[in-house]
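Asks:
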Amino acid sequence: MPILSTLHIANAFGILGNIVSFLVYLAPLPTFYRIWKKKSTEGFQAIPYSVALFSAMLYLYYAFLKQNSIILITINTIGCVTEIAYLTVYMIYATKVSRVSTTRLLFLFNVSLLGVVIGATYLLARGHQRVTAVGWICAAFSVSVFAAPLAIIGPNILGFIFGIMQMTLYVVYKDRKQQILPAAVVETKCGDHIIKDVDHQSQLQENSSETQPNNKRDLEIVVLDYGEQVVHGVVVLQPNHLP
Numbered sequence: 001m002p003i004l005s006t007l008h009i010a011n012a013f014g015i016l017g018n019i020v021s022f023l024v025y026l027a028p029l030p031t032f033y034r035i036w037k038k039k040s041t042e043g044f045q046a047i048p049y050s051v052a053l054f055s056a057m058l059y060l061y062y063a064f065l066k067q068n069s070i071i072l073i074t075i076n077t078i079g080c081v082t083e084i085a086y087l088t089v090y091m092i093y094a095t096k097v098s099r100v101s102t103t104r105l106l107f108l109f110n111v112s113l114l115g116v117v118i119g120a121t122y123l124l125a126r127g128h129q130r131v132t133a134v135g136w137i138c139a140a141f142s143v144s145v146f147a148a149p150l151a152i153i154g155p156n157i158l159g160f161i162f163g164i165m166q167m168t169l170y171v172v173y174k175d176r177k178q179q180i181l182p183a184a185v186v187e188t189k190c191g192d193h194i195i196k197d198v199d200h201q202s203q204l205q206e207n208s209s210e211t212q213p214n215n216k217r218d219l220e221i222v223v224l225d226y227g228e229q230v231v232h233g234v235v236v237l238q239p240n241h242l243p
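Numbering (the working numbering), first residue to last: 1 to 243.
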C-alpha cells in the first residue's frame with residue numbers, strides 16, 4: 001500500500017493552491033491603502049476587481065455543484081469577501097463617473113453574465129454534464145483573464161521590428177565619414193555682369209574642436225570692362241573707362 005495515495009496528493013496541492021490564491025487576493029492591499037490614505041482613487045480602475053469577484057462567484061457555483069469541494073468553497077468565499085471589500089473602498093472614494101461605470105460592470109458580470117451561466121447550465125445540462133460544463137466555463141474564463149494582457153503584444157510588434165532596423169542602421173553607418181559633394185555652380189547674368197553662385201559642401205572633421213558650417217557659399221563676380229577691388233571682404237566695382 002503506498003504511503004501517499006492520490007487523494008492525499010490532491011489535497012496537498014489543493015491546500016498549496018489555496019495559499020497561493022490567498023496571497024493573490026491580498027496583493028491589491030497596498031493599492032487600496034493608498035486610496036484610503038489619499039481619499040482618492042487616483043485613476044485606478046475597478047475592472048480587475050469586478051472580474052475577480054465574478055470569477056470567485058463562478059467557482060463557488062462550480063464547487064456547490066461538484067460537492068465535497070471544501071477547498072474550493074473556502075478560498076472562493078475568501079475571494080468574494082476580499083473583492084467586495086476592495087470594491088466598497090473604491091466606490092467610497094471614486095468620482096461620480098467612476099461609480100457609475102463600476103456599478104455597470106458589477107451588473108454586467110455578477111448579475112447578468114452569472115445569471116446567464118446558471119440559467120443555461122440548469123436548462124441545458126443535467127447531473128454530471130452540468131458539473132463538466134460549468135468546469136469548462138470556469139477554465140475558459142480563467143485562461144482568458146490571464147491571457148488578456150497578451151493583447152498588448154500586437155501593436156508593439158511593428159515597433160519592435162522597426163527599432164531593430166534602426167539600431168542596425170546606426171551600427172553600420174555610425175563610423176562613416178561624410179563625403180564631399182562637388183561644387184554646384186549657378187550662373188546668373190545681370191546686364192554686363194555674370195554672377196556665379198558656388199555652393200561648397202563642407203566636410204565634417206572627426207575630433208574637431210571648432211564647429212564648421214555645413215555649407216559655404218562664395219560669390220564669384222565676373223565683370224566685363226570693369227576693375228574690381230576687395231576691401232574688408234566687400235567687392236567694390238570701379239569703372240575703367242568713364243563714359
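Note that beta-carbon positions come from the ideal geometry of N, C-alpha and C, so glycine has one too.
My parser needs the alpha helix (DSSP H) runs of 4 or more residues fully inside the segment 66-108; what are they?
Replies: As far as the segment 66-108 is concerned, its whole alpha helix (DSSP H) runs of at least 4 residues are 70-93 and 96-106.
Asks: How is the alpha helix (DSSP H) around T6 delimited, first residue to last?
Replies: It spans T6 to L26 - the alpha helix (DSSP H) in which T6 sits, taken as one unbroken run.
Asks: Can you give me the C-alpha to C-alpha distance between M167 and F32, rounded to a whole angstrom?
Replies: Approximately 42 Å, taken between the alpha carbons.
Asks: From F162 to L169, what does the alpha carbon distance come to, in whole angstroms?
Replies: Taking the straight line from one Cα to the other gives about 11 Å.
Asks: Ordered along the chain, which non-local residues of its own chain (more than five positions away) have a Cβ less than 7 Å from that of Y86?
Replies: P28, F32 and Y49.
Asks: At a cut of 8 Å, does the segment 15-26 reach the segment 73-88 through at least three beta carbon pairs?
Replies: With the cut-off at 8 Å, the segment 15-26 and the segment 73-88 touch.
Asks: Is the segment 82-100 touching the segment 33-42, taking contact as three or more C-beta pairs under 8 Å?
Replies: Contact between the segment 82-100 and the segment 33-42 is present, because at least three Cβ pairs lie under 8 Å.
Asks: Mind the definition here: the segment 65-73 touches the segment 100-107 only if three or more C-beta pairs lie below 8 Å; say whether that holds.
Replies: The answer is no - the segment 100-107 does not touch the segment 65-73, with fewer than three Cβ pairs under 8 Å.
Asks: Determine the direct distance from the alpha carbon of Y61 to that of L105, and round the result to whole angstroms.
Replies: If you take the alpha carbons of L105 and Y61, they lie about 20 Å apart.
Asks: Beta-carbon separation of F109 and F160 under 7 Å?
Replies: No, Cβ-Cβ distance for F109 and F160 is not below 7 Å.
Asks: Quick one: grab the DSSP three-state call for R130.
Replies: Helix at R130.
Asks: For F162, which three-state DSSP category applies?
Replies: Three-state DSSP puts F162 in a helix.
Asks: Which residue from Q67, A63, Y173 and C138 puts its Cα closest to that of V51?
Replies: Comparing Cα-Cα distances from V51 to each of Q67, A63, Y173 and C138, the minimum goes to C138.
Asks: Helix, strand or coil, according to DSSP, for S142 in the structure here?
Replies: Correct three-state label for S142: helix.
Asks: Flag this pair as yes or no: are the beta carbons of Y25 and T82 separated by less than 7 Å?
Replies: Yes, these two residues count as a Cβ contact at 7 Å.
Asks: Quick check: what's the CA-CA separation for A12 versus L123?
Replies: Each residue's Cα considered, the two are about 35 Å apart.
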